[in-house]
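> Numbering (this note's numbering), first residue to last: 25 to 126.
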Ligand SMILES: [Zn+2]
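1) What residue from 118, 35, 53 and 78 has the CA that sits closest to residue 25's CA?
2) Between the alpha carbons of residue 124 and residue 86, how many angstroms are there, rounded?
3) Residue 112: beta carbon under 6 Å from a heavy atom of ligand 1?
4) Whole angstroms is fine: what's the gap from residue 84's alpha carbon to residue 91's?
5) Taking residue 48 as the reference, which of 116, 76, 28 and 108 has the closest Cα?
6) Give the straight-line distance between the Cα atoms of residue 51 and residue 126, rounded to the nearest whole angstrom.
7) For residue 121, is the classification buried or exposed, using 16 other Cβ atoms within 10 angstroms of its Cβ as the cut-off for buried?
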């Protein structure tokens with residue numbers, strides 16, 4: 025079994041499971057019934073985790089999950105061409121001189 029996804033939101037993990045199963049990938053959710061023991065075991069152990077049963081399905085499962093997940097990767101920081109300051113990637117404009125990104 026290989027873990028392909030985990031999320032504290034169990035319904036989200038369930039959605040991912042349906043997605044993979046609908047593509048014929050066999051999956052397994054670990055910690056599915058953990059809410060009853062919340063507080064008695066270390067927190068990390070109760071995150072619902074989605075596994076694929078067969079190693080050969082792993083790459084495909086990851087691909088499917090990535091298609092479905094919103095792109096949450098933050099933009100990289102950039103350097104203002106006008107004044108040369110570093111600007112955080114989530115800003116489209118320089119905080120110092122106001123010029124646009126590229
Ligand atoms: Zn600037």
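Beta carbons: idealized from backbone N, C-alpha and C, even for Gly.
Quick answer:
1) The residue you call residue 25 lines up with position 1 of the chain shown. Nearest option by C-alpha distance: 78.
2) Residue numbering aside, residue 124 sits at position 100 when the chain shown is read from its first letter. Residue numbering aside, residue 86 sits at position 62 when the chain shown is read from its first letter. A direct Cα-Cα distance of roughly 35 Å separates residue 124 from residue 86.
3) The residue labelled residue 112 in the question sits at position 88 within the chain shown. With a threshold of 6 Å, the Cβ atom of residue 112 does not count as near ligand 1, since no heavy atom of the ligand is closer than that.
4) Here residue 84 is taken as the residue at index 60 of the chain shown, counted from 1. Here residue 91 is taken as the residue at index 67 of the chain shown, counted from 1. When rounded, the distance between both Cα atoms is 11 Å.
5) Against the chain shown, residue 48 aligns to sequence position 24. Looking at the Cα atoms, 76 is the closest of the given residues.
6) If you number the chain shown from 1, residue 51 lands on position 27. If you number the chain shown from 1, residue 126 lands on position 102. Distance between the alpha carbons of residue 51 and residue 126: 45 Å.
7) Looking up residue 121 in the chain shown gives position 97. Counting Cβ neighbours within 10 Å, residue 121 comes out exposed, since fewer than 16 surround it.
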